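Protein sequence lines correspond, in order, to chains H and E.
Position 44 (the first sequence) corresponds to 43 in numbering that gives the first Met the number 0; numbering is contiguous.
Position 92 (the second sequence) corresponds to 91 in numbering that gives the first Met the number 0; numbering is contiguous.
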Amino acid sequence: MALDRKVGFFEALRYKGGGPMLAWALHRISGLGMIIFISLHVVSSFFTQQMGSDWAISINIVYESVYFQLFIVFAVLFHGLNGMRIIILDLWPKMLRYQREMTWLQWLIFIPMYSLTIFIMLQRVFAGG
Amino acid sequence: MQTRKVPHPGWNLEYMMWMFTRLSGLSFFFLAFIGMAAALVMGARNQMDLGTLMRWTFFPNPNHVLDSNIPNVDIWANGFWQIMQMLLIFFGGTHGLNGLRVVIEDYTSRPAWQIITRLIFFVLWIFMILAAVYVILAS
Numbered sequence: 000m001a002l003d004r005k006v007g008f009f010e011a012l013r014y015k016g017g018g019p020m021l022a023w024a025l026h027r028i029s030g031l032g033m034i035i036f037i038s039l040h041v042v043s044s045f046f047t048q049q050m051g052s053d054w055a056i057s058i059n060i061v062y063e064s065v066y067f068q069l070f071i072v073f074a075v076l077f078h079g080l081n082g083m084r085i086i087i088l089d090l091w092p093k094m095l096r097y098q099r100e101m102t103w104l105q106w107l108i109f110i111p112m113y114s115l116t117i118f119i120m121l122q123r124v125f126a127g128g
Numbered sequence: 000m001q002t003r004k005v006p007h008p009g010w011n012l013e014y015m016m017w018m019f020t021r022l023s024g025l026s027f028f029f030l031a032f033i034g035m036a037a038a039l040v041m042g043a044r045n046q047m048d049l050g051t052l053m054r055w056t057f058f059p060n061p062n063h064v065l066d067s068n069i070p071n072v073d074i075w076a077n078g079f080w081q082i083m084q085m086l087l088i089f090f091g092g093t094h095g096l097n098g099l100r101v102v103i104e105d106y107t108s109r110p111a112w113q114i115i116t117r118l119i120f121f122v123l124w125i126f127m128i129l130a131a132v133y134v135i136l137a138s
């Protein structure tokens, strides 16, 4: 069932939801990013393989560029970790008391993992790979 | 203001998809772990870079890792990996399309739109599964 909203877009931006709201928004953005771009990648790979069409190849070149991969890695890692937090909170509702702490813990796990990954990716780029 | 209805446990779409989202999310961790671990056992450390290893992890199709240093990709392709690909596509695609449906239904309020959205997503879902099975079996 859809929500009947009376709140405007800019009013909603000023809502002070803090860390958990940021996690919710990023979960939606990363989820939408993954479903849209991975679907595009699958469709364009299909057309590249079957017909070798130019637009499909150019979409895949954008998809495989490093800048774009930085976003996809962010989306996959964040969506996975945040989803794990949601599953844990759903299975043990008593943990809801500590959901702010869990959001912080999630960032503590996410930042080193993401930094290490982009370090390896960028190292290869700067080495001319 | 109307609040979102909490899905009641039972055989209804909202609750089934709520449960499916959690289970498929967990399954992704296991499938990705199996894919990555098996690729490392098969020698991916000497034959792949990070990006190629990730491509194998999330879709273990031999055509997906063509630009790696694997001497012969054919021995990486067998029934086990085909089943892995089908599971990944089924769980990932259903999870993703359902998520898109939930986001869209959050921003539409008319019941007529809900029927149209669900119809479109059902057709997309069937098409995606059939196309994926074709690609997996053909490669």
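Backbone N, C-alpha and C fix where the C-beta goes; we use that ideal spot for every residue, glycine too.
These figures come from a predicted structure and were not determined experimentally.
Residues near residue i by beta carbon distance below 8 Å, same chain, minus five either side
i: Ala-10 of chain E; result: According to the sequence displayed, residue 10 of chain E carries Trp and not Ala. Same-chain partners within the cutoff: there are none.
i: Leu-30 of chain E; result: Met-83, Leu-86, Leu-87, Phe-90
i: Met-47 of chain E; result: Ala-38, Trp-55, Val-64, Ser-67, Asn-68, Ile-69
Within chain C, the residues that residue i reaches when beta carbons sit closer than 9 Å
i: Arg-21 of chain E; result: This model lacks chain C altogether; the protein chains it does include are H and E.
C-beta neighbour in chain H for residue i, strict 8 Å
i: Val-134 of chain E; result: yes
i: Val-64 of chain E; result: no
i: Leu-30 of chain E; result: no
i: Leu-129 of chain E; result: no
i: Gly-24 of chain E; result: yes
i: Val-102 of chain E; result: yes
i: Leu-118 of chain E; result: no
i: Gly-9 of chain E; result: no
i: Leu-86 of chain E; result: no
i: Gly-95 of chain E; result: yes
i: Leu-99 of chain E; result: yes
Residue-level contact to chain E via CB, residue i, 8 Å cutoff
i: Gln-98 of chain H; result: no
i: Ile-28 of chain H; result: no
i: Leu-31 of chain H; result: yes
i: Ile-34 of chain H; result: yes
i: Phe-45 of chain H; result: yes
i: Arg-123 of chain H; result: yes
Buried/exposed call for residue i, threshold 16 Cβ in 10 Å
i: Gln-84 of chain E; result: buried
i: Ala-131 of chain E; result: buried
i: Phe-118 of chain H; result: exposed
i: Ile-69 of chain E; result: buried
i: Pro-19 of chain H; result: exposed
i: Ser-29 of chain H; result: buried
i: Trp-75 of chain E; result: buried
i: Glu-10 of chain H; result: exposed
i: Asn-81 of chain H; result: buried
i: Pro-111 of chain H; result: exposed
i: His-94 of chain E; result: buried
i: Arg-84 of chain H; result: buried
i: Phe-58 of chain E; result: buried
Close-in-space but distant-in-sequence residues of the same chain around residue i (CB under 7 Å, 5 per side omitted)
i: Ala-55 of chain H; result: Ser-43, Phe-46, Thr-47
i: His-63 of chain E; result: Arg-54, Trp-55
6 Å Cβ shell around residue i - same chain, five flanking residues per side excluded
i: Ala-43 of chain E; result: Leu-52
(message) At a CB distance below 9 Å, what residues from the segment 40 to 57 of chain E approach chain H? Give them in sequence order.
(response) Asp-48, Leu-49, Gly-50, Met-53, Phe-57
(request) Report the residues of the segment 99 to 121 of chain H with a CB closer than 8 Å to any CB of chain E, ordered along the chain. (result) Thr-116, Ile-119, Met-120
(message) Check whether the segment 24 to 32 of chain H and the segment 73 to 85 of chain H touch, using three or more Cβ-Cβ pairs below 8 Å as the test.
(response) yes
(message) Would you call the segment 15 to 27 of chain E in contact with the segment 92 to 104 of chain H, where contact means no fewer than 3 C-beta pairs closer than 8 Å?
(response) Touching, no.
(message) Measuring CB atoms only, is the segment 94 to 106 of chain E touching the segment 28 to 48 of chain E, in the sense that at least three cross pairs come out at less than 8 Å?
(response) no
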